[in-house]
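Mapping the sequence shown onto the working numbering, position 168 (from 1) lands on 205, and the numbers just tick up by one. Heads up, the beta-carbon is just placed ideally off N, CA and C, and yes, glycines get one too. Shown next, in structure tokens, is the structure this report addresses.
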Amino acid sequence: MRKRVFRWSIQFAALCAAALLFAVNYSDRMRQIRALPETLYLTGGSGVSALFGADGGAAAVDVQQAERLSDVTGGETYTFRFLGVVPLRTVQVVRTEQTQLVPGGSAVGITLYTRGVLVVGLGSVETAGGPVSPGSAAGLQPGDVIVRALDEELRDSAHLAALCARHEGSVPLVIEREGRELSLSVRPALDSAAGEYRLGLWVRDSTAGVGTLSFYDAESGWFAALGHAISDVDTHSTLTVREGRIVPAEIVGVTRGQAGEPGELLGVFSATDAPLGSIARNTEYGVYGPLLETPDGAGAVPLAYAYEAHEGPATLLATVSDGGVRPYACSIVRVSAQQGPATKGMVVEVTDEQLLAETGGIVQGMSGSPVLQDGKLVGVVTHVFVNDPAKGYCIYAEWMYRQIGEQAS
């Protein structure tokens with residue numbers, strides 16, 4: 038009988054311990070610990086609040102400790118422990134100067150000319166013997182970028198056509214495919230109607246559209262826009278950059294969005310207008326480049342780090358009419374913990390009655406609109422929810438600012 042009672046006692050104690058561990062594992066504090074980034078940044082007199090108090094068995098990380106950060110190492114490492122024993126999370130705390138950025142929100146016209154020519158489709162050439170497809174026979178695929186032909190760097194699609202038009206025999210090509218450089222050889226076919234040799238390819242070498250300037254960094258003189266890549270409409274490939282520019286754009290109308298049918302800003306601009314800046318890089322996190330005139334930094338606000346974003350009220354800056362940039366009320370309804378650059382970090386919902394009345398929420402052309410929270414630049418709108426135009430995805434502004442640092446250097 039005593040053995041049975043002892044065994045039941047052990048089982049009961051084990052169940053209680055398991056229940057305690059389960060409760061602790063799913064507690065708010067444990068979720069906070071798991072959501073901590075690998076690096077926390079301290080600016081000025083700010084500090085990192087204690088996640089566990091003394092009863093939790095872990096030391097607090099506060100500003101007094103942060104003041105001891107070494108100029109050589111740039112930071113200290115803190116390990117949060119359960120009951121002072123079990124390691125839960127290790128975080129590096131770094132002191133840094135507060136980054137100041139000037140929010141945008143203005144509409145810009147974007148023109149981009151690709152490096153090389155992008156293959157968007159495979160066609161055929163009508164020859165005396167019937168239709169043939171030289172590009173397909175050579176192994177070319179939609180999405181390939183032809184950068185060289187006959188040992189010449191390609192300027193545009195007309196350059197490629199001119200090189201092949203009078204050339205009999207194989208044409209050596211250098212292409213880029215999924216980040217790899219390949220060499221191919223294609224034999225142009227003689228078009229019986231035109232009397233010229235052709236490759237039977239559909240190609241593209243430029244694009245243009247309207248988007249939103251996200252912010253600029255007065256220190257480096259670089260801008261950021263869109264929050265996503267400029268991609269080819271047919272192949273969805275990210276376009277390479279030979280040259281590009283942003284110019285002022287005017288919004289002349291709006292196609293209002295509704296469930297299942299995204300709306301659109303109707304904008305106009307002239308590619309011959311004086312440019313605001315040149316495009317140096319086109320990445321999945323937006324387009325970047327130097328401004329042609331050094332800005333003075335007026336209107337700058339602090340950059341919010343990704344882990345500072347939280348659910349709650351925010352402000353969206355956008356241009357949806359000829360009235361220029363205006364602030365609109367919105368709410369951050371979801372945040373995702375991200376340890377490094379990634380897309381879709383937040384979901385924002387437009388709550389401003391005027392913006393909802395004018396546009397239905399977020400529409401195409403608003404990509405790049407900055408989002409402010411607690412007086413800081415926290416994110417940038419990138420995509421609208423097709424079935425709920427009041428909502429859209431945002432990228433954290435920190436990830437876009439990191440791109441400026443990488444590109445400018």
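Inspect the beta-carbon positions of L238 and T151 and report whether they are closer than 8 Å. Taking 8 Å as the Cβ cut-off, L238 and T151 do not qualify as a contacting pair.
Rounded C-alpha distance that separates V418 from A308: The C-alpha of V418 lies about 25 Å from the C-alpha of A308.
Starting from R363, follow its DSSP beta bridges and name the residues at the other end. Partner(s): A355.
Using the Cα positions of T148 and R126, report the straight-line distance between them to the nearest angstrom. T148 and R126: Cα-Cα distance of roughly 46 Å.
Have a look at A355, V278 and G405 and flag the residue whose alpha-carbon is nearest the alpha-carbon of D193. The residue from A355, V278 and G405 with its alpha-carbon nearest to that of D193 is V278.
State the CB to CB distance for the pair Y325 and A266, rounded to an integer number of angstroms; the pair is presumed to be in contact (CB under 8 Å). In this structure Y325 does not touch A266 by the C-beta definition: roughly 11 Å separates them, more than the 8 Å allowed.
CB-CB under 8 Å to G349, same chain, minus the five flanking residues each way: which ones, in chain order? Around G349: S368, I369 and Q410.
Quick one: using the 10 Å Cβ neighbour count with 16 as the cut-off for buried, is I47 buried or exposed? With fewer than 16 other CB atoms across the displayed protein chains lying within 10 angstroms of its CB, I47 is exposed.
Determine, using beta-carbon pairs with one atom in the region 152-161 and one in the region 234-248, whether at least three such pairs fall under 8 Å. Enough Cβ pairs lie closer than 8 Å, so yes.
Pick helix, strand or coil for Q178, following the three-state DSSP scheme. Here Q178 carries a coil assignment [DSSP, helix/strand/coil].
Within 10 angstroms of its Cβ, does I441 collect 16 or more other Cβ (buried), or is it exposed? In summary, I441 is buried, with 16 or more beta-carbon neighbours lying within 10 Å of its beta-carbon over all protein chains present.
Alpha carbons only, please: which of V338, L219, L138 and F422 is nearest the one belonging to Y438? Closest in C-alpha terms to Y438, from the list V338, L219, L138 and F422, comes L138.
Give the straight-line distance between the Cα atoms of A186 and M403, rounded to the nearest whole angstrom. Spanning the two alpha carbons is a distance of roughly 39 Å.
Assumed close pair A30, I288 - CB separation to whole angstroms, cut-off 8 Å: Lying outside 38 to 446, the shown extent of the chain, residue 30 is not represented and no answer is given.
Where the beta strand (DSSP E) containing H420 begins and where it ends: In the DSSP assignment, H420 falls within the unbroken beta strand (DSSP E) covering K413 to F422.
Please state whether DSSP places M403 in a helix, a strand or coil. M403: coil per DSSP, three-state reduction.
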